[in-house]
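Protein sequences, first through last, are from chains A and B. For the first sequence, position 177 matches number 177 in UniProt numbering, and the numbering has no gaps at all. For the second sequence, position 395 matches number 395 in UniProt numbering, and the numbering has no gaps at all.
Number of protein chains: 2
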Amino acid sequence: MTTTPTDLAGLLPAGRVITDPSRVASFAHDEAAGAPYALPAAVVQPHDTAEVAAVVAYCAERGVPVVARGAGTGLSGGANAVEGAVVVSFSAMDRVLRIDPDERLAVVQPGVVNEDLRAACAAKGLWYPPDPASAPWSTIGGNVATNAGGLCCVKYGVTRDYVLGLEVVTGRGDVVRLGRRTAKSSAGFELAGLLVGSEGTLGLVTEVTVRLRGERTQEHTVVGYFADLQSAGRAVARAVASGVVPSALELVDRFSLRAVDEWKNMGLTDGGDVLLLARCDAPGAVGAQEADTVLACFEAAGATWSARSGDPAEADALFAARRLVYPALERLGMVLSEDVCVPRSLLPEMLARLEDIAARHGVHIATLAHAGDGNLHPMLVVPRGDERELARCRGVFEEVVDQALALGGTVTGEHGVGLLKMRGLADELGPAVLDLHRGIKRVWDPAGILNPGKVFTT
Amino acid sequence: MTTTPTDLAGLLPAGRVITDPSRVASFAHDEAAGAPYALPAAVVQPHDTAEVAAVVAYCAERGVPVVARGAGTGLSGGANAVEGAVVVSFSAMDRVLRIDPDERLAVVQPGVVNEDLRAACAAKGLWYPPDPASAPWSTIGGNVATNAGGLCCVKYGVTRDYVLGLEVVTGRGDVVRLGRRTAKSSAGFELAGLLVGSEGTLGLVTEVTVRLRGERTQEHTVVGYFADLQSAGRAVARAVASGVVPSALELVDRFSLRAVDEWKNMGLTDGGDVLLLARCDAPGAVGAQEADTVLACFEAAGATWSARSGDPAEADALFAARRLVYPALERLGMVLSEDVCVPRSLLPEMLARLEDIAARHGVHIATLAHAGDGNLHPMLVVPRGDERELARCRGVFEEVVDQALALGGTVTGEHGVGLLKMRGLADELGPAVLDLHRGIKRVWDPAGILNPGKVFTT
Chain A
1 MTTTPTDLAG LLPAGRVITD PSRVASFAHD EAAGAPYALP AAVVQPHDTA
51 EVAAVVAYCA ERGVPVVARG AGTGLSGGAN AVEGAVVVSF SAMDRVLRID
101 PDERLAVVQP GVVNEDLRAA CAAKGLWYPP DPASAPWSTI GGNVATNAGG
151 LCCVKYGVTR DYVLGLEVVT GRGDVVRLGR RTAKSSAGFE LAGLLVGSEG
201 TLGLVTEVTV RLRGERTQEH TVVGYFADLQ SAGRAVARAV ASGVVPSALE
251 LVDRFSLRAV DEWKNMGLTD GGDVLLLARC DAPGAVGAQE ADTVLACFEA
301 AGATWSARSG DPAEADALFA ARRLVYPALE RLGMVLSEDV CVPRSLLPEM
351 LARLEDIAAR HGVHIATLAH AGDGNLHPML VVPRGDEREL ARCRGVFEEV
401 VDQALALGGT VTGEHGVGLL KMRGLADELG PAVLDLHRGI KRVWDPAGIL
451 NPGKVFTT
Chain B
1 MTTTPTDLAG LLPAGRVITD PSRVASFAHD EAAGAPYALP AAVVQPHDTA
51 EVAAVVAYCA ERGVPVVARG AGTGLSGGAN AVEGAVVVSF SAMDRVLRID
101 PDERLAVVQP GVVNEDLRAA CAAKGLWYPP DPASAPWSTI GGNVATNAGG
151 LCCVKYGVTR DYVLGLEVVT GRGDVVRLGR RTAKSSAGFE LAGLLVGSEG
201 TLGLVTEVTV RLRGERTQEH TVVGYFADLQ SAGRAVARAV ASGVVPSALE
251 LVDRFSLRAV DEWKNMGLTD GGDVLLLARC DAPGAVGAQE ADTVLACFEA
301 AGATWSARSG DPAEADALFA ARRLVYPALE RLGMVLSEDV CVPRSLLPEM
351 LARLEDIAAR HGVHIATLAH AGDGNLHPML VVPRGDEREL ARCRGVFEEV
401 VDQALALGGT VTGEHGVGLL KMRGLADELG PAVLDLHRGI KRVWDPAGIL
451 NPGKVFTT
């Protein structure tokens, strides 16, 4: 079945239905390396919920696939277009509708960029915690679709923890409001939470009400260099067991450090092979005590160099360097990025298994980790266009997924399943739970038009 | 359709299938005043998941209703038996299976009493926050079924915020594991969160994995007496707007204070007509600063008497008195308890509307409120056996529900819908969202045997 662009154009004002193949191409895929995609039949740029509902209803009647798209920064292929699809781009629904300091909530359209929301909140002394590395570009709608995490998850939770309510267009084209604007509720099923992380398979999110926190007053940064992954892993395990809950606890391995140094010459590799970055944000004197505790954990685990950073600019530079790892690796080729998450006390074991897998396959796995919550991003660089090496590296990462599952972990900590984690998800959930997914999918999307072929096979 | 007790007895060892009408009577209803119930055909007391699954599969084949039951402390009729039902009592599945300090999680059977879990955690320096007033008796399974809240929700969230994973028996008798044991995951739909608050309509929870926090080091208590609800409401609004997030912020009105004084002669009414109790638990000096800020809010709103309590025993006594309100009112008759929740800045407006409703109907509405999150428990005392007065009071509370909805609130903050809030829920959600509930219900429970007639009509 193919779409009829002429009809679609009748649903939206001129200029907001794109069918020119050269223009739709830039809406065809997200940043997942090597995930399949097709050119969409059309891209629509609705300005409001009614337009979204009209497009979905049109597609539901005709069995046309609908793929929702935020900024396209996803890493699992969840926003990749499929054959004949209408891509709904939320780029024109990008307004912060309301920030309410008394209720500590914000109401936003899905196309708002994460950092724009954070800046708007900060202007009122409020804080929206979820901070994926993509925050300067990724949208709240995309963050909701993948249940995005970030650096501060270890203390403050993920996107779902901040979503109070949603306006959603279901696969029938119905507009429904889910969730609440009160501090709590036990009224019916938690459907807002169900939609968070559903990756466009159950509905299109057209408005998001998020919970906010008050701004933090301070953050103390602790830096530790280690000779190897084992001692860094032990430092993380000690920090986790100390009872301190840091506001960030990040690991950057030697391949990652080198990639940034080769690009930016920041001297990151001078201190040692593995970098741990921690932040502690308890207010008052307790924050400094927490930082001292973390520092003592780093030292006890054999840090080659460690210190509390007294200089906020220096600390920010180190966190900025961590954010440069992915683009630094992308300079070298196509980056395959994993996203497994293991029980946090098993992080050292998972790091050891990664080294073993790398050694057996003769590859360099660069690893970033949100170490405090056991979420690892092993990365492999593949020469662009080398399909054979791509296939080989995919096989390596399937082993990584299997090892994470063997440790009681999950195939995706924060990126979502999309196209790349479907095999792993099936293994993680098993057939009975997958059947429940399929049943729920049919309730929300009886025609099966919403992001077909993603997350699980129907 | 009626059950066949002989067959059921074949599924469980002798003595754990109860059919004697005089014995099943004590499993026929929860503590919801005046909610309908029937004597169950049988009560079963399984010892493990396999026994639960066998009973559910048996009932699914025969279309026999299954009603799950924890301690029966619910206030909405969610555990009330229906005609011909098998009540599954989890009283014999009451073990804390594991407490893992490194992962900060606990794995428990559903029949564990809330305070028993809290005590077991405290012995390891850990804390399970959800603290419903029923905590000395209610079970984790029941807390999960209703998404129970409590005093500390204002800062620490509700039961759902602490449920990482569940083992569930679906309406088909399948045993499934939902959720995770990692700190985060974006793998598939959030089905564990969907089951929390589903009140036994989607599955029977047979194991719960909960997230824990580290124990708190201190709590500062602030006490304020006010001449009327208006000034107390203003004090709450000021505290909420101050940016301090207290670990409790409770309101007790004059009818509630009087009921406790008439029973225990605690002198609660000496200080004024309305009592506010706040706690602040930030570590270190910041906690004391928070308490000072809250105290200043109380004073600025016109407290007749207010103070930071330096004496923990005195502070505990005041919180204990707050917990005595419900039993104190029960001495006077049957207690109808409401559970509406409004946006927290609208608490003063909701208190005013409660007074207006009471005046118009010539009733005394006693009110407890988790004031910091806008969750009110208006209560009416009805002479036992006076069906006419019961019906009249129900009508009064339907108005309360309507006013809460008019303010953008929800019909239940923490008690659940059960039987008593079904009309309000239908108004709150609307037909399209209710249809989504029905669809999801059919996926989990195709035979419609799980707690039929509760929450929403199928």
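Where a beta carbon is used, it is the ideal one built from N, C-alpha and C, also for glycine. A quick note: this is a predicted structure, and the numbers were derived from the prediction, not measured.
Quick check: what's the CA-CA separation for residue i versus residue j?
| i | j | result |
| --- | --- | --- |
| residue 434/A | residue 314/A | 47 angstroms |
| residue 143/A | residue 59/A | 24 angstroms |
| residue 220/A | residue 283/A | 10 angstroms |
| residue 173/A | residue 224/A | 52 angstroms |
| residue 171/A | residue 148/A | 23 angstroms |
| residue 468/B | residue 362/A | Past the boundaries of the shown model lies residue 468/B; chain B is included only from 1 to 458, so the question cannot be answered. |
| residue 258/A | residue 83/A | 40 angstroms |
| residue 175/B | residue 68/B | 15 angstroms |
| residue 240/B | residue 344/B | 8 angstroms |
| residue 447/A | residue 429/A | 24 angstroms |
| residue 397/B | residue 270/B | 30 angstroms |
| residue 80/B | residue 222/A | 55 angstroms |
| residue 206/A | residue 141/A | 8 angstroms |
| residue 406/B | residue 216/A | 34 angstroms |
| residue 48/A | residue 98/A | 16 angstroms |
| residue 277/B | residue 150/B | 14 angstroms |
Quick check: is the beta carbon of residue i nearer than 8 angstroms to any beta carbon in chain B?
| i | result |
| --- | --- |
| residue 377/A | no |
| residue 263/A | no |
| residue 220/A | no |
| residue 229/A | no |
| residue 150/A | no |
| residue 87/A | no |
| residue 124/A | no |
| residue 174/A | yes |
| residue 399/A | no |
| residue 241/A | yes |
Any C-beta of chain A sitting closer than 8 angstroms to the C-beta of residue i?
| i | result |
| --- | --- |
| residue 187/B | yes |
| residue 1/B | Low confidence applies to residue 1/B: its pLDDT is 48, below 50, so where it sits in the model is not reliable enough to give any reading. |
| residue 361/B | no |
| residue 147/B | yes |
| residue 198/B | yes |
| residue 29/B | no |
| residue 408/B | yes |
| residue 184/B | yes |
| residue 343/B | yes |
| residue 449/B | no |
Going by DSSP in three states, residue i sits in which element: helix, strand or coil?
| i | result |
| --- | --- |
| residue 186/B | coil |
| residue 332/B | coil |
| residue 367/B | strand |
| residue 30/B | coil |
| residue 153/B | helix |
| residue 42/A | strand |
| residue 250/A | strand |
| residue 127/B | strand |
| residue 1/A | Because residue 1/A carries a pLDDT of 48, less than 50, the predicted location of this residue cannot be relied on, and no value is offered for it. |
| residue 16/B | coil |
| residue 89/A | strand |
| residue 453/B | coil |
| residue 141/A | helix |
| residue 178/A | strand |
| residue 172/A | coil |
So if DSSP puts residue i in a beta bridge, which residue, or which two residues, is it bridged to?
| i | result |
| --- | --- |
| residue 309/B | 221/B |
| residue 280/B | 220/B |
| residue 79/A | Note: residue 79/A sits in no beta bridge, so no partner. |
| residue 412/B | None, per the DSSP bridge assignment. |
| residue 208/A | 108/A, 166/A |
Alpha helix (DSSP H) segments (min. 4 residues) lying fully within the stretch 95-122 of chain B: Taken in chain order, the complete alpha helix (DSSP H) segments of 4 or more residues contained in the stretch 95-122 of chain B are 114-122.
Those runs of the beta strand (DSSP E) which lie wholly inside the stretch 347-407 of chain A and span at least 3 residues: You should have 366-370, 375-382.
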